[in-house]
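So the sequence shown is numbered by our numbering: it starts at 1203 and just counts up by one.
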Amino acid sequence: MLYAIVGQDIPDSLNLRLDARLAHLERLHTLQQAGRLLLAGPFPALDSNDPGPAGFTGSLIVAEFDNMDAAQAWADTDPYIAAGVYASVSVKPFKKVLPA
């Protein structure tokens, strides 16, 4: 099943994000290589693909896991949590409808 993982950043998280970004992306690439990643990306703090020093306010990951516990366990070990980027993380089951 698919799960939506939404991380909400602490204020002014950009430098922390940059420091942990490589480890965060490596985990996402592992999901992608396993064919389990539907999409992933950050929420820009400004209405721009490149928010510059304004940074980001959080991230969305939609990926396949065996169950909610597995999705939560994966989310709980995100490098952005260890680095203090995320103030909170939610994990919810997700049903993809479109595009088919």
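In this text, a Cβ means the ideal position worked out from N, Cα and C, and glycines have one as well.
Computed from a predicted model, the values in this text were never measured in an experiment.
Residue i versus residue j: straight-line alpha-carbon distance, rounded
i	j	result
residue 1248	residue 1272	33 Å
residue 1241	residue 1264	5 Å
residue 1210	residue 1280	13 Å
residue 1297	residue 1220	31 Å
residue 1268	residue 1295	11 Å
residue 1290	residue 1229	19 Å
residue 1270	residue 1284	21 Å
Those residues which DSSP pairs with residue i across a bridge
i	result
residue 1263	1207 and 1242
residue 1288	1211
residue 1297	BP columns for residue 1297 are empty, so no partner.
Contact check, residue i vs residue j, beta carbons under 8 Å
i	j	result
residue 1286	residue 1261	no
residue 1215	residue 1254	no
residue 1207	residue 1299	no
residue 1204	residue 1266	yes
residue 1245	residue 1232	no
residue 1222	residue 1282	yes
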